[in-house]
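Colleague:
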Amino acid sequence: MQLEHNATVSRVIRDASDTQRIESVEYLQAGERKILRADRIIIAAFAVQSVRILLSSATAGHVAPGNHSDQLGRYLMTHPAATTFGLFEDETYPHQGVSAGQLLNHDDYDQKDAPGGFGSSQWMIGHAIKPHDLLGYGTGRPDIPGAELKTWLQRAARHLGNMTLVCEDIALPGNRVTLSDRVDNNGIACAHTHHDLAPTAAARWAQRMSEGEEILRAAGAQEVWSGPRIGMHIMGGAVMGDDPATSVTDSFGRVHDTDNLYVAGPALFPSSGAVNPTFTLSALASRQADHLLAKS
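Numbering (the numbering used here), first residue to last: 393 to 688.
Structural data, given as structure tokens:
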């Protein structure tokens with residue numbers, strides 16, 4: 393195995409004599425354009441950049457690999473998420489532990505079409521939070537100015553409770569990655585992303601956030617508020633499926649209109665669910681590895 397350090401992949405190149413085959417990868421290193429040839433090529437540059445590489449591989453004679461049905465870049469997804477906070481009289485030691493959900497609540501997870509919106513959702517509870525750490529609270533109260541903020545932070549650091557909501561994003565074809573008119577320092581078109589949250593998914597988020605605030609009040613919180621809605625995690629753009637007309641790759645990540653080009657990572661997800669994607673990614677990577685080894 394050989395690793396090329398500080399190398400930026402610009403595109404993949406089709407075999408001139410066999411357009412189903414990807415012959416090589418072009419990359420830039422120390423200002424020099426280089427070519428790497430391989431029997432099988434796997435693009436694993438996370439969701440947005442994997443799509444960017446493929447889109448940049450279009451030529452005058454051929455569309456970008458995987459874009460035969462104008463599906464490449466579509467169905468970009470995230471997880472609509474936010475944290476709701478409560479201040480308690482008792483000390484809660486919110487800084488202790490790890491900055492991830494120590495408790496998960498999946499009540500009603502399967503009730504995607506319950507009244508009030510659409511989509512699954514989960515609560516992550518009991519994760520450690522600090523003023524400026526992941527999901528931190530230090531910048532979440534713009535209504536508290538100046539010296540008052542210091543006093544408030546001193547109290548919050550010992551008396552805070554929190555719950556983080558993760559909701560399902562609805563895959564929409566108009567949410568997509570395209571190439572920008574802007575270029576990077578290497579002269580390669582930057583990625584441009586567009587994402588709108590489906591109204592039904594936004595309604596589910598609002599409903600569940602309201603429920604979270606009610607839970608904290610019922611638990612005895614003297615003051616309750618919520619942070620803004622954010623996009624947590626990025627998925628989609630090169631979705632897998634059985635039909636080349638509606639997907640970019642097959643279930644093993646092989647790009648439909650090629651014999652030897654694969655995509656790995658969350659770009660393959662055709663839907664988001666409402667849980668952190670890491671375990672699904674691990675299982676998918678293991679399945680891809682077994683498939684590729686079997687073909688060796």
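Heads up, the beta-carbon is just placed ideally off N, CA and C, and yes, glycines get one too.
Just reading off the beta strand (DSSP E) that Met555 is part of, what are its end residues?
Modeller: On the sequence shown, position 163 is the one that residue 555 refers to. Segment Leu552 to Cys559, the beta strand (DSSP E) holding Met555.
Colleague: Measure from the alpha carbon of Ser690 to the alpha carbon of each residue in Gly566, Leu564, Cys582 and Pro565, then state which is nearest.
Modeller: This structure gives no information on residue 690, because the portion of the chain shown stretches from 393 to 688.
Colleague: Can you tell me which of the three DSSP states Met393 falls into?
Modeller: As a working note, residue 393 is residue 1 in the sequence shown. Three-state result, Met393: coil.
Colleague: Along the chain, which unbroken stretches of the alpha helix (DSSP H) at least 4 residues long are found entirely within the stretch 590-638?
Modeller: Counting only runs of 4 or more, we get 591-610.
Colleague: Select from Leu495, Gln494, Ser513 and Pro507 the residue whose C-alpha is nearest the C-alpha of Tyr501.
Modeller: As a working note, residue 501 is residue 109 in the sequence shown. Answer by Cα proximity: Ser513.
Colleague: Give me the Cα-Cα distance between Asp462 and Val569, rounded to the nearest whole angstrom.
Modeller: What you label residue 462 is simply residue 70 of the sequence shown in a count that begins at 1. What you label residue 569 is simply residue 177 of the sequence shown in a count that begins at 1. C-alpha separation (whole angstroms): 12 Å.
Colleague: Tell me the DSSP secondary structure of Ile445 in three-state form.
Modeller: Sequence index remark: in the sequence shown, residue 445 carries index 53 (1-based). Note: Ile445 maps to helix in three-state DSSP.
Colleague: Straight-line CA distance for Gly356 to Asn578?
Modeller: In the structure displayed, the chain extends from 393 to 688; residue 356 sits before or after that span and is not available.
Colleague: Thinking C-beta only, is Met601 closer than 8 Å to Leu557?
Modeller: In the sequence shown, the residue the question calls residue 557 occupies position 165. In the sequence shown, the residue the question calls residue 601 occupies position 209. Contact: yes.
Colleague: Along the chain, where does the beta strand (DSSP E) that runs through Leu428 open and close?
Modeller: In the sequence shown, residue 428 corresponds to position 36, counting from 1. Glu424 to Arg429 is the span of the beta strand (DSSP E), which, as asked, contains Leu428.
Colleague: Between which two residues does the beta strand (DSSP E) holding Asp531 run?
Modeller: In the sequence shown, residue 531 corresponds to position 139, counting from 1. Before going further, note that residue 531 is Thr rather than Asp in the sequence given. No beta strand (DSSP E) contains Thr531, which DSSP labels as neither H nor E.
Colleague: Beta-carbon separation of Ala590 and Pro662 under 8 Å?
Modeller: Position 198 of the sequence shown holds residue 590. Position 270 of the sequence shown holds residue 662. No; because the gap between Cβ atoms is not below 8 Å, this pair is not in contact.
Colleague: Please look up how many angstroms separate the CB atoms of Val443 and Ala656, rounded, as I've assumed it's under 8 Å.
Modeller: For the purposes of this step, residue 443 is taken as the residue at position 51 of the sequence shown. For the purposes of this step, residue 656 is taken as the residue at position 264 of the sequence shown. At roughly 13 Å, the Cβ-Cβ gap does not stay under 8 Å, so Val443 and Ala656 are not in contact.
Colleague: Suppose contacts are defined by Cβ-Cβ distances below 8 Å. Is Gln680 in contact with Gly633 by that definition?
Modeller: Residue 680 sits at position 288 when you count from the first residue of the sequence shown. Residue 633 sits at position 241 when you count from the first residue of the sequence shown. Cβ distance not < 8 Å, so Gln680 and Gly633 don't count as in contact.
Colleague: In chain order, what residues of the same chain have a beta carbon less than 7 Å from the beta carbon of Ile622, not counting five sequence neighbours either side?
Modeller: If you number the sequence shown from 1, residue 622 lands on position 230. Correct list, in chain order: Ala473 and Ala474.
Colleague: Quick check on this structure: which residue in Thr451, Leu673 and Met627 has the alpha carbon closest to the alpha carbon of Tyr467?
Modeller: The residue labelled residue 467 in the question sits at position 75 within the sequence shown. Tyr467 has its Cα closest to that of Met627, out of Thr451, Leu673 and Met627.
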